[in-house]
Structures are given as C-alpha cells and as structure tokens.
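Report on one structure; see the data block that follows.
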Amino acid sequence: MSEVEGTIGIEAGIVTLEDLRREGRLPPPEVLERGVALPIIDCLEDIPCTPCRDVCPTGAITMKTMINRPEINWDACTGCTLCAQACPGLAINIVNYHFGRRSLRRPGYEDYALVMLPYELTPIPKRGEVVMVFDRAGRQLGEAEVFSVMKSPKFGTVMVGVLVPQSIAFEVKGVEVKRRWPGRR
Amino acid sequence: MGESMQDRRIWEHPVLSWDRGTPLSISYDGRSVTAYPNETVAAALYAAGVLAFTRSSYLHRPRGPFCMIGKCSQCMMRVDGVPHVRTCILPVEDGMVIESEDPHDSEYPTPARELRVERQELSYDLAIIGAGPAGLSAALAAAPSGMRIAVLDQSPYPGGQLVKQTHKFFGTKESFAGTRGVDIARNLISMLREYPNVELHTTTQVIGYYPPEGVLIAARAEGVGRYKLMYIRAGRYLVATGAMERTLAFPGNDLPGVMGAGAAQTLMNVFGIKPADDVLIIGAGNVGVIVAYQARQAGINVRAVIDILPKTAAYLVHAAKIRRLRIPIFLEHTIKGAYGDGAVESAVIYQVDRSFRPIEGTEKELKVDGVWMAVGLSPSVELLSKMGARIKFVPELGGYVPYRTKYMETSVRGVYVAGDASGIEEASTAMMEGKIAGLSAAISAGRGTDAMAEERRKAIEWLDLFRESPDYRRIKEGVSKVLIQEAA
Numbered sequence: 001m002s003e004v005e006g007t008i009g010i011e012a013g014i015v016t017l018e019d020l021r022r023e024g025r026l027p028p029p030e031v032l033e034r035g036v037a038l039p040i041i042d043c044l045e046d047i048p049c050t051p052c053r054d055v056c057p058t059g060a061i062t063m064k065t066m067i068n069r070p071e072i073n074w075d076a077c078t079g080c081t082l083c084a085q086a087c088p089g090l091a092i093n094i095v096n097y098h099f100g101r102r103s104l105r106r107p108g109y110e111d112y113a114l115v116m117l118p119y120e121l122t123p124i125p126k127r128g129e130v131v132m133v134f135d136r137a138g139r140q141l142g143e144a145e146v147f148s149v150m151k152s153p154k155f156g157t158v159m160v161g162v163l164v165p166q167s168i169a170f171e172v173k174g175v176e177v178k179r180r181w182p183g184r185r
Numbered sequence: 001m002g003e004s005m006q007d008r009r010i011w012e013h014p015v016l017s018w019d020r021g022t023p024l025s026i027s028y029d030g031r032s033v034t035a036y037p038n039e040t041v042a043a044a045l046y047a048a049g050v051l052a053f054t055r056s057s058y059l060h061r062p063r064g065p066f067c068m069i070g071k072c073s074q075c076m077m078r079v080d081g082v083p084h085v086r087t088c089i090l091p092v093e094d095g096m097v098i099e100s101e102d103p104h105d106s107e108y109p110t111p112a113r114e115l116r117v118e119r120q121e122l123s124y125d126l127a128i129i130g131a132g133p134a135g136l137s138a139a140l141a142a143a144p145s146g147m148r149i150a151v152l153d154q155s156p157y158p159g160g161q162l163v164k165q166t167h168k169f170f171g172t173k174e175s176f177a178g179t180r181g182v183d184i185a186r187n188l189i190s191m192l193r194e195y196p197n198v199e200l201h202t203t204t205q206v207i208g209y210y211p212p213e214g215v216l217i218a219a220r221a222e223g224v225g226r227y228k229l230m231y232i233r234a235g236r237y238l239v240a241t242g243a244m245e246r247t248l249a250f251p252g253n254d255l256p257g258v259m260g261a262g263a264a265q266t267l268m269n270v271f272g273i274k275p276a277d278d279v280l281i282i283g284a285g286n287v288g289v290i291v292a293y294q295a296r297q298a299g300i301n302v303r304a305v306i307d308i309l310p311k312t313a314a315y316l317v318h319a320a321k322i323r324r325l326r327i328p329i330f331l332e333h334t335i336k337g338a339y340g341d342g343a344v345e346s347a348v349i350y351q352v353d354r355s356f357r358p359i360e361g362t363e364k365e366l367k368v369d370g371v372w373m374a375v376g377l378s379p380s381v382e383l384l385s386k387m388g389a390r391i392k393f394v395p396e397l398g399g400y401v402p403y404r405t406k407y408m409e410t411s412v413r414g415v416y417v418a419g420d421a422s423g424i425e426e427a428s429t430a431m432m433e434g435k436i437a438g439l440s441a442a443i444s445a446g447r448g449t450d451a452m453a454e455e456r457r458k459a460i461e462w463l464d465l466f467r468e469s470p471d472y473r474r475i476k477e478g479v480s481k482v483l484i485q486e487a488a
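Protein sequences appear in the order of chains A and R.
Residue numbers for the first sequence follow this note's numbering, beginning at 1 and rising by one.
Residue numbers for the second sequence follow this note's numbering, beginning at 1 and rising by one.
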C-alpha cells in the first residue's frame, strides 16, 4: 500500500471505515445477505443538503430537518443508485456485495463485489478496462475491471462500476484510469 | 522567465466545454497572440504564457493578475494607446494592440487616443448593482412586479462566481441543490431574459453615487476608450457587489503566478485556460478544496493544499473528494515564501506550532508554478458606504458589512443589500438573500402581491433554518450584530 502524503484523519478529510461503522453507515451482514445493491453514504456532518433524500423513491433516506445528516433505513432501500448520482458531494458509493456469486456467475469471481462510484473526471473509463482503485486516503488498493459505466442525462454524474474482492468492497472510494496516472515527484 | 509562445488552453474537461469560435489576433508588445472571441485580453495573454502584466510603482517588480474579476489593478495594461486598462474585464477585439506598462513611466491621465464619452440620463424603478447569484435572484424575484429594472455588472459576462463552479450545489430544491453552479447561472440568466422590463448591462462599472439627489453613475464600456456614462436615478437600489479575495503576507506574494483562488477559477473554468501546471493552494476551507478538485478536473497537478488551522473548515465531503485523489492536505502548515525569477518557480511550506509559529526543520520545497490563495474574502461595501449605509466590522461576516433589516434593507431607506456584500457566506444563501431583497424592493414600492409576500416569508424561514446548521451558526450571530429591528 502506498503511503499517504499530508495530514491523516477526519479533520483533514480522510474518513475511515471505523467512522462509517460508528455512524451506522455500513450495512449489517443480514442486510448484505439480501443481495441488493446498497448505498454507503460518507456524509457524516450536519450540513444543509437534501438531494439524496429528495430523490429516494422509497423514502429509505431520511433527515430530521434539511440541516441534518442523512439516515438510512436499510430495509426500504432497493439499491436504485439515484442517491449516489444525485449527491452533490460525490459522497455515496453503491456496493453490491454478493454480485459475484449471485449475479455475475463468472468462475473465480464468487467472492467479488460490484462497487459503483460517482466520477467527474476525464477520461471516462471504458467497460472491460482495468483501472486503479483507491481508498479514502488515496492509497492504491489494487486494480479492478470496469464492469459498468452509466451516465444519466438527468444527473450528469458518471457511475463507474468496478469488480473488486469483497474484502475491499467498503474501502474502495476512488478510481483512476491507468493511462492518465499523473507523474508525482 | 521565458515567455515562450504556448497554448495553455484546456481542450478536454469532464463538465465544461468552451464555445471558442473563430480565432482572432491581437498584438502584445509587438508580437502576435491568438485569442478567441469570448475571451478577455488578460485571459488570451495568459493562454499565450504571459504572466507579468504590469510593474509595481516603486520597486518596479513584475506583477500578474490577482483577482481576474476587475477588482485588483494588477492586470492593467495599455490597450490601443489607452493606459491603465483593466485587461481582465476587457473583451478582446481583432487587431487590438496591447502593451505592458510601467505605471511609473506612463503619462496617465493623457491617453494617446481621444476618449469618447457619451452621457445618458436613465431612470428605473430598481437598479441592481452586481449580476452574481444575489443580484440575478433579486432581479428575478422583483421582475414579475413589472418594475423597470436595470442590472449592472462590470464583468463582460453575467453570473458572478456561479459561472466558475463545476460542482453540484448543496442545499434544497428551493436553492437549486443538485445543480452545478455554472448551470444555475445559465438558468437564472435565461429566465431573466424572458422579462422585457429587465435590462442586463455587462461591462458596466458603477463609478459613483451622488447624494442628495441620489444619482448613480455607471460607465458602460463599449470598446477601448469608448464609454457610455449612465446617470441613473432609481426608486430603489440593490447592492450585490460580492466580495474581494484576501491575500497573505509572505516573501514573493506578488510574484506573477500567485493569485486568488477565484482568479484561478476564472481562468480555468470561465475561459478554459490552465493558470499553472503544478500548484500549491493556501487555505483548506471550502474554496481551497473545491478549487483543488476543479484543478484536477482541468488537468492541473495540485501538489498540496495547506491550512494553518488544525482542522479543515471545509465540508467533509468536499475535503474527502480530494484526499481520495491523492491531493494532500497539510494542516498546521503555512507558506514560508514563493520564489522564482520573474514568476513563481517554487514555494516552501513549513509546519506551525499551536501558536502558529513556524517549526524549524519542517520546511518542504514544492516545485510549483502557481500559488493560489483561498484565505478568505472581504465584503465589497465601498458603494454602500458611499451611499451612506451604516457599516460595522463584524468578524463572523468577514469584515465591514452594512446594517440591514430582515428584509435586507440597509439603514438608508430604499437601498437594499444581498449576497457576500452583506457578509461572506455562500452562493445558496446569496440567492436566497437576493430573493428576499428583490421581493422587498417590489413590496415596498407598492408593486408586490400576496403571493410575493408569502414567497418572502418562506425565503426568510428557509434562510433561518439553513443558518441553524453548525457551519452557519456564526453567520446567524454575525447577522444579529447588524440587524435593524423593524419599527412596528
């Protein structure tokens, strides 16, 4: 794993899985068993922002008032991905944890998850391309195959779906196309 | 320094595209420079690699643009023989002759060419100064009343800072949440153009206000050295002049390449020009981290974002967006200096202790050709002050701000304020304040309707709730210090 340059910690913008767990943002195992895609919402502050709640067709995302952070009702979520496309902070990933075993059915991919990430950079990855995946601190977790690329005109944010081992499904937060790796000294 | 001919224009971007049209040619100190019709002179020169625009008065040090929105004076050049022209707000014309000037030597105020000034007497029901989020929203809110409205802005394009924002906005439906700033500007402008009773004057700079008659004088530039002097008498005035970026004191802070984050945004996002290839950003608040992200979108390498405080003041989600892209944030760090021969070539940062004193031995040198300042803004209240509005220094609001009622009327009857000029906050609240001020101007003129009063009540309620949010409570506190209680 590459080293992190700069200050570590949530004060400097780096959220950890522990932070997410504490806020109830990681789906419990029985919810994962349902086999649907689920949003991982890295929005841990009370900020005046409501698009994820407003766009949710089932009311699974709620807020006390417009200035409070989102709360998720796992049982009501259908994994439609609209919240991830609408979130102005690009803070929501969609994780389909059992995608390999239940949907993909490709030999050797039984323990793979499909993670969909909002993406607003160039170039846009292509389906089948191998991209680099990163965690919340920018550490490279490895490489992954792009399984899906989706952009709805309504939201204008590209969702890049990558196949990653379940072990890092909740850690993946960024993707980057390999040919564009910037030279960093 | 080497001002080699180059093209710093961006041709690939994930969010923005620039309709550049057919290139034209301008001359800069005797050489030919390619420009595009929608560019300003400063933008075109920057695209060609010109970094030093003028010189300081006493030490004759090279200076480059700091604000790119017509507020600083570091982009002044001689254009077609006219000295001291703000090139950042001057649209290019084919064949223009640009010369760098040393203000110390120039024969100001006698231009080499005759100025043509035409005087115009105008009257409106409402004159709005500033076509940013606050001014546009105010005009839009007041427009249905049928009032005759003029919106004046010194920039060649309306939209203020909205047009530079590639990210979707926070907030709620009422504040266009989920829409990118650049798209909000486009929507507001196109809605406004539906109203025949609203005039939008760009490249129009307000240069004075003369009590007691209350005449506002604005100079509308119609090419170099050609002005229309507008003598405006309006029933009501609404000042939405925005803010000015602050700078920091450090060795080399005047080197070309050191600029406000907003100036970098103007170049990158309005004109599609790379201000630098490698940058250091000072200030890890919302502006700093958002600009860092925009820089990456523009293909610029952000070497570091630094902040002297132990915690970023930015929204966590904005800061998180750059950390996962491996853009480092160094907290408790500040800049020691920027260095280079004629322009920035490197910068040194170091760590500070709890009393903000530099810690020896922590220096880091960064090879950068840009240093962008995101260290806060000061409200632009000069005009309000001139108009007689009572002003007070309120740290929570970013500096000197006017007293105002909850309807955004200042201490001068019939003069309203909205947006950053009333206190540094953000575009969403600027739009809401603009709406409140615009509606109030109409209502107080007896041109309001019950629906408008209801709309205003809702907007005030929205703003109130928004400011209950932890990041905005200090704004609420600041506003309470300059709130004029309405007489019953």
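All residues carry an ideal CB built from backbone N, CA and C; glycine is no exception.
As the structure is a computational prediction, the values presented were derived from the model and not from experiment.
C-beta neighbour in chain A for residue 469 of chain R, strict 8 Å: For the purposes of this step, residue 469 of chain R is identified with residue 469 of the second sequence, where counting begins at 1. Yes - at least one Cβ of chain A is within 8 Å of the one on residue 469 of chain R.
Interface flag, residue 11 of chain A vs chain R, CB-CB below 8 Å: One-based indexing of the first sequence puts residue 11 of chain A at position 11. Closer than 8 Å to some Cβ of chain R, the Cβ of residue 11 of chain A qualifies, so yes.
C-alpha distance - residue 408 of chain R paired with residue 440 of chain R, whole-angstrom precision: On the second sequence, position 408 is the one that residue 408 of chain R refers to. On the second sequence, position 440 is the one that residue 440 of chain R refers to. Computed Cα separation, rounded: 8 Å.
Residue 285 of chain R beta carbon near the ligand FMN (any heavy atom closer than 7 Å): As presented, the structure is devoid of all ligands, the ligand FMN included, so that no description of it is given.
Interface residues of chain R facing residue 15 of chain A [CB-CB closer than 8 Å]: The sequence position of residue 15 of chain A within the first sequence is 15, counting from 1. Those within 8 Å of residue 15 of chain A in chain R are 316, 320.
For residue 500 of chain R: DSSP bridge partner residues: Residue 500 of chain R is absent from the structure shown; chain R starts at 1 and stops at 488.
Residue 470 of chain R burial status per 10 Å Cβ neighbour count (16 or more: buried): Locating residue 470 of chain R in the second sequence gives position 470, counting from the first residue. Residue 470 of chain R comes out exposed.
Cβ-Cβ distance between residue 152 of chain R and residue 206 of chain R below 8 Å: Counting from one through the second sequence, the residue named residue 152 of chain R turns up at place 152. Counting from one through the second sequence, the residue named residue 206 of chain R turns up at place 206. Yes, these two residues count as a Cβ contact at 8 Å.
Per-residue contacts from residue 138 of chain A into chain R (C-beta, under 7 Å): Translated into positions along the first sequence, residue 138 of chain A becomes position 138. Those within 7 Å of residue 138 of chain A in chain R are 323, 324, 325, 326.
Contact set between residue 173 of chain A and chain R, taken where Cβ atoms lie within less than 7 Å: On the first sequence, residue 173 of chain A is found 173 positions in, with the first residue counted as 1. Chain R residues near residue 173 of chain A: 324.
Residue 296 of chain R at chain A interface by Cβ criterion, 8 Å: For the purposes of this step, residue 296 of chain R is taken as the residue at position 296 of the second sequence. Closer than 8 Å: yes.
Alpha-carbon spacing of residue 376 of chain R relative to residue 347 of chain R, whole angstroms: Mapped onto the second sequence, residue 376 of chain R falls at position 376. Mapped onto the second sequence, residue 347 of chain R falls at position 347. Taking the straight line joining both Cα atoms gives about 20 Å.
Residue 185 of chain A in three-state terms, based on DSSP: Here residue 185 of chain A is taken as the residue at index 185 of the first sequence, counted from 1. With a pLDDT of 34 at residue 185 of chain A, under the threshold of 50, the predicted position of this residue should be treated as unreliable, though the coordinate-derived value follows. Note: residue 185 of chain A maps to coil in three-state DSSP.
is_contact[residue 334 of chain R, chain A] using C-beta, thresh 8 Å: By one-based count along the second sequence, residue 334 of chain R stands at place 334. No, because no Cβ of chain A sits closer than 8 Å to the Cβ of residue 334 of chain R.
Test item: CB-CB of residue 432 of chain R and residue 175 of chain R under 8 Å: Translated into the one-based positions of the second sequence, residue 432 of chain R becomes position 432. Translated into the one-based positions of the second sequence, residue 175 of chain R becomes position 175. In contact: residue 432 of chain R and residue 175 of chain R (Cβ atoms closer than 8 Å).
Under 7 Å (Cβ pairs) to chain R, residues found in the stretch 30-58 of chain A: 42, 43, 44, 45, 46, 47, 48, 49, 50, 51, 54
In DSSP terms, what residue 258 of chain R is bridged to: By one-based count along the second sequence, residue 258 of chain R stands at place 258. DSSP, once it has assigned bridges, lists R:371 as partnering residue 258 of chain R.
Chain A within 8 Å of residue 241 of chain R, Cβ atoms only: Within the second sequence, the letter at position 241 stands for residue 241 of chain R. Answer no: the Cβ-Cβ gap between residue 241 of chain R and chain A never drops below 8 Å.
Nearest residue (CA-CA) to residue 227 of chain R, options R:243, R:101, R:203: Position 227 of the second sequence holds residue 227 of chain R. Checking every option, the nearest Cα to that of residue 227 of chain R belongs to R:203.
Contacts of residue 91 of chain A in chain R (Cβ-Cβ under 9 Å): Walking along the first sequence from the start, residue 91 of chain A turns up at place 91. Here the neighbours are 316, 317, 320, 321.
Cut-off 8 Å between Cβ atoms - residues of its own chain near residue 146 of chain R, not counting five sequence neighbours on either side: Taking the second sequence and counting its residues from 1, one reaches residue 146 of chain R at position 146. Closer than 8 Å at the Cβ level, and outside the excluded window around residue 146 of chain R, lie 197, 447.
CB contact flag (residue 284 of chain R, residue 306 of chain R, <8 Å): If you number the second sequence from 1, residue 284 of chain R lands on position 284. If you number the second sequence from 1, residue 306 of chain R lands on position 306. Yes, these two residues count as a Cβ contact at 8 Å.
Residue 1 of chain R versus residue 82 of chain R - alpha carbon distance: As a working note, residue 1 of chain R is residue 1 in the second sequence. As a working note, residue 82 of chain R is residue 82 in the second sequence. Reliability fails at residue 1 of chain R, whose pLDDT of 39 lies under 50, so the model's placement of it is uncertain and the value that follows must be treated cautiously. Their Cα atoms are separated by approximately 27 Å.
Bounding residues of the beta strand (DSSP E) (the contiguous stretch that carries residue 116 of chain A): Start at 1 with the first residue of the first sequence, and residue 116 of chain A comes out as number 116. Residues 112-119.
Interface positions of the stretch 108-141 of chain A facing chain R (Cβ-Cβ less than 9 Å), listed along the chain: 119, 120, 121, 122, 123, 124, 134, 135, 136, 137, 138, 139, 140
Within 8 Å, strictly: CB atoms of residue 382 of chain R and residue 478 of chain R: Reading the second sequence from its first residue, position 382 is the one you call residue 382 of chain R. Reading the second sequence from its first residue, position 478 is the one you call residue 478 of chain R. Against a cut-off of 8 Å, the Cβ pair of residue 478 of chain R and residue 382 of chain R comes out as no contact.
Where residue 65 of chain A meets chain R, residues with beta-carbon distance less than 7 Å: Counting from one through the first sequence, the residue named residue 65 of chain A turns up at place 65. What residue 65 of chain A touches in chain R: 465.
Beta-carbon proximity check, residue 81 of chain A vs residue 120 of chain A, cutoff 8 Å: One-based indexing of the first sequence puts residue 81 of chain A at position 81. One-based indexing of the first sequence puts residue 120 of chain A at position 120. Not closer than 8 Å, so no.
Cβ neighbour criterion (16 or more within 10 Å) applied to residue 472 of chain R: The residue labelled residue 472 of chain R in the question sits at position 472 within the second sequence. With 16 or more Cβ atoms within 10 Å of its Cβ, residue 472 of chain R is classed as buried.
Partner residues on chain R for residue 7 of chain A, Cβ-Cβ distance less than 7 Å: Here residue 7 of chain A refers to the residue found at position 7 of the first sequence. The answer, in chain order, is 329, 330, 331.
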